[in-house]
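Here the structure is laid out as structure tokens; the discussion comes afterwards.
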Amino acid sequence: MSTLDSTREFFRRDQVWPFLAPEQAAVNVDNQVILYVEGLNLSFDGFKALNNLNLYVNDGELRCLIGANGAGKTTLMDVITGKTQCDSGTVFFGQNHNLLNKDEAEIAQLGIGRKFQKPTVFEEQTVFDNLELSLKTDKRVLPTLFSRLTPTQIDHIDEVLKTIGLAKHRFMLAGALSHGQKQWLEIGMLLVAEPRLLLIDEPVAGMTAQETERTAELLTSLAGERTVIVVEHDMEFVRSIARTVTVLHQGSVLAEGTMDQIQSNKDVIEVYLGEEAAAGEQA
Amino acid sequence: MTRLTAWFSEGRSTGKHTLPFVVILLSVTILASAANLFLPADSIFYVSTYTITLLGKYLCYAMLALAVDIIWGYCGILSLGHGAFFALGGYAMGMYLMRQIGDRGVYGNPLLPDFMVFLDWKELPWFWLGMDQFWFAMLMAVLVPGLLAFVFGWLAFRSRVTGVYLSIMTQALTYALLLAFFRNEMGFGGNNGLTDFKEILGFNLQADSTRVALFLITAILLAVIFVVSQKILSSRLGKVVLAIRDSESRSRFIGYRTDRYKVWLFVYSAVIAGIAGALYVPQVGIINPGEFSPINSIEMVIWVAVGGRGTLIGAVIGALLVNYAKTRFTAIMPDAWLFALGAMFVLVTLYLPKGLMGLYGQLKAKRNTVMNKESQA
Ligand SMILES: Nc1ncnc2c1ncn2[C@@H]1O[C@H](COP(=O)(O)OP(=O)(O)OP(=O)(O)O)[C@@H](O)[C@H]1O
Ligand SMILES: [Mg+2]
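These protein sequences, in sequence, are chains A and B. Oh and the first sequence: position 223 is 223 in full-length UniProt numbering, straight run, nothing missing. Oh and the second sequence: position 192 is 192 in full-length UniProt numbering, straight run, nothing missing.
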């Protein structure tokens, strides 16, 4: 091949050089599945927190994860969001994004948002700033330095503030909010980021019955456009929102199905609902 | 409403001290300079050249404190090695000043500084080349600290070294440089460092006018750096920096590559320290490896702690006050200074965790509530 040809090849007009191509290809959900978790194993000093775990979540689904304390629900979220490295297995976001070779920030930029079990907001900053930081924007250093809030972004934040009921507290320091309000703020931080997939760990802990109801409404309204995975112990709450429920037990999936199927599943009754049912019978 | 929100979110930043600070700094500087240059020495308003130089030195320390505060107060990275960046900037300036001596040294060698002649060196080492050019030396004064900070930060922050381990590493960094610069073979004048400077850009360093000019330049640069830093820290980048300080992992989960933010902030801070060092050397007339000593870097942190970390103005006030106290104290009891410094640090940590600025804020809040009560009554 002549130099001319190779030069031509190098400067082809119909394609860009790989390092110039946009890093983030859109999430490919042609098979309707947005999250593939296969054969996941993770042990902490010999204790198997995740044990050959398989999980598939469809695009637009609202999935509830339940399981006893220590079943591995939070750990699963840690692996998906890049906080913890697993020992073996695969995690794919759509068909084209391998999450295991990405770090937390990359995964977040792909559109996976997370709400933690223990609410973590930036306490020294205002509610508004917390939301501004979470906006879906270019998060590199220089663009962040020169960024200004656009009117659309401000409207978007205002809207979210209304949704989470903190419109009156926008300039209050996040540290001064009550526990329930912090939970809401964290949900708000998820909402402004407009993620494709939301991982929500125990959203209603510390909320009043009324707030719980509103959370349930909010989460159901999100599903469809976004995919939501909720971990929750409050069975009442799960029942009110769940379409498909996955039960985790000792690091692997024990059962999966509608709430009714789950409740009549023998294994589940034995290891999880069993205690509740037994307690119910005694009462 | 939208406008209002935008205005609030941008105006709410802590920039309210910026304008008064700049005005006070520049007017004091100009008044002192004028009093030195235009008043007769027996006037009561005369400011001696010694005082001018002392003030210039304090302002360099204030700039250095700013650098430490940006990284520690705002981003939570406790660097105990900022003296290294300061000293490197100082050495770059020192090398330029050394080469300006030319053949007026003791040995009269037109090319080699005295200490090289003394060591029987025949030619200038490569890293001294170009240092006779002012612009090149000044470029090095920011580039070398910046580059060192970049490499160090890249390695440390990417492997997620934080907290006390990071502080120890920064101490080790400055200590290693201390040992290296002590060695004669390094080519930086060893133990004695660089001194006996004659002139800068052709101006006699002993002249009052040169001293005043250096003092003025220091003040102006301090003001510029203050304003620029304030701007940076009140931008969204500043909010990310605070977020990293308060919860780094949370910041990662909303999509920020926190290591990169930390590296660039560290570089920015190191460059400021380098500039401070370059301004310091012509005013005090010497740079030696002592500037790398770990205790110096710890002292800087104390200035910031006393003034109030996380507020730029606090860092400046802390540096000025502690150094004034040091000048006074060492005149009376030179040996006891370190104890006094230690005691100050303990007291501030225990009783004034937010430093003098925190105290000021508390007093103001108290006064406001009292006034509110009175107006209600
Ligand atoms: N970093 C860690 N080191 C050691 N063990 C861990 C670690 N993280 C989690 N574990 C263990 O892994 C198991 C699974 O924990 P995980 O937090 O995932 O449970 P969970 O299902 O979220 O429970 P809960 O309902 O209480 O939140 C627990 O037994 C826990 O002690
Ligand atoms: Mg959990």
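Glycine included, each C-beta is placed from N, C-alpha and C at the ideal position. All values reported here derive from a predicted model rather than from experimental measurement.
For Gly-111 (chain A), the closest alpha carbon among the candidates A:Ala-167, A:Pro-195, A:Leu-142 is that of A:Pro-195. Less than 8 Å divides the Cβ of Met-93 (chain B) from the Cβ of Ala-137 (chain B). Chain A places no beta carbon closer than 8 Å to that of Gly-358 (chain B), leaving this residue out of the contacts.
Under the three-state reduction of DSSP, Val-27 (chain A) is assigned to coil, being neither helix nor strand.
Not a single C-beta of chain B is nearer than 8 Å to the C-beta of Lys-102 (chain A). For Thr-120 (chain A), the C-beta contacts it makes with chain B under 7 Å involve Ser-247, Arg-250, in order along the chain. For the stretch 219-304 of chain B, there is no continuous beta strand (DSSP E) assignment of 3+ residues that stays within its boundaries. Between Gln-117 (chain A) and Asn-98 (chain A), the alpha-carbon positions lie close to 25 Å from each other. Taking 8 Å as the CB threshold, Thr-144 (chain A) lines the interface with chain B. In chain B, no part has a C-beta under 9 Å from the C-beta of Met-77 (chain A); the shortest such distance is about 10 Å.
For Gly-193 (chain B), the distance from the CB to the nearest heavy atom of ligand 1 is not below 7 Å.
Leu-39 (chain B) places its beta carbon 8 Å or farther from that of Leu-222 (chain B).
A distance below 8 Å separates the beta carbons of Phe-182 (chain B) and Gly-190 (chain B). By the C-beta density criterion, Phe-292 (chain B) is buried, having at least 16 other C-beta atoms within 10 angstroms.
CA-CA distance, Leu-97 (chain B) to Trp-135 (chain B), rounds to 12 Å. For Val-228 (chain A), DSSP records a beta bridge to A:Leu-62, A:Leu-198. Listed by position along the chain, the residues with Cβ atoms less than 7 Å from a non-hydrogen atom of ligand 2 are A:Lys-73, A:Thr-74, A:Gln-117, A:Asp-201, A:Glu-202, A:Val-231.
Val-33 (chain A) sits in a strand when the DSSP states are folded into three classes. Contact holds between the stretch 256-269 of chain B and the stretch 130-147 of chain A, because three or more Cβ pairs, one in each stretch, are under 8 Å apart. Taking CB atoms only, Trp-135 (chain B) has no neighbour in chain A less than 8 Å away. In this structure, Gly-89 (chain B) has its CB at a distance of at least 7 Å from all heavy atoms of ligand 1. Leu-88 (chain B) carries a helical assignment under DSSP once its states are collapsed to helix, strand and coil. With its beta carbon at least 8 Å from every one in chain B, Lys-266 (chain A) lies outside the interface. Assignment of Arg-104 (chain B) by DSSP, reduced to helix, strand and coil, places it in the helix class. Against chain B, the CB of Met-235 (chain A) has no partner CB under 8 Å away; the residue lies outside that interface. Note that the C-beta distance between Gly-82 (chain A) and Ile-66 (chain A) is not below 8 Å. Any Cβ of chain A closer than 8 Å to the Cβ of Gly-255 (chain B) would place that residue at the interface, and such an atom is present. Against chain A, the CB of Lys-239 (chain B) has a partner CB under 8 Å away; the residue lies at that interface. In the three-state DSSP reduction, Ala-205 (chain A) falls in the coil class, being neither helix nor strand.
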